[in-house]
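Using the numbering used here, read the sequence shown as starting at 733 and increasing by one per residue. The beta-carbon is built from N, C-alpha and C at its ideal position, and this holds for glycine as well. Below: one structure, written as structure tokens.
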Amino acid sequence: RTLLRILERISLVHGGIDISEVLGSIGLFVLPPVTVIIILYLKKKNVI
């Protein structure tokens, strides 16, 4: 969450940064761990 706040401040300060680019970079950091967590969760539930 602190990373999100830092990115928000940077985007507000520079203004030239596209929100989509920021969200894209956030997505690259967020998605891999989330998918791993989901896979592990499904394995625990014996879905996979």
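Spatial distance of residue i from residue j (CA atoms)
i      : j      : result
Arg733 : Leu755 : 13 Å
Leu684 : Val779 : No answer is possible for residue 684: the residues shown for the chain start at 733 and end at 780.
Val766 : Lys776 : 15 Å
Glu753 : Pro764 : 17 Å
Leu739 : Phe761 : 13 Å
Within 9 Å, strictly: CB atoms of residue i and residue j
i      : j      : result
Asn774 : Ile758 : The identity of residue 774 in the sequence shown is Leu, whereas the question assumes Asn. For Leu774 and Ile758, no; Cβs fall outside 9 Å.
Collapsed DSSP secondary structure at residue i in the structure displayed
i      : result
Val779 : coil
Arg741 : helix
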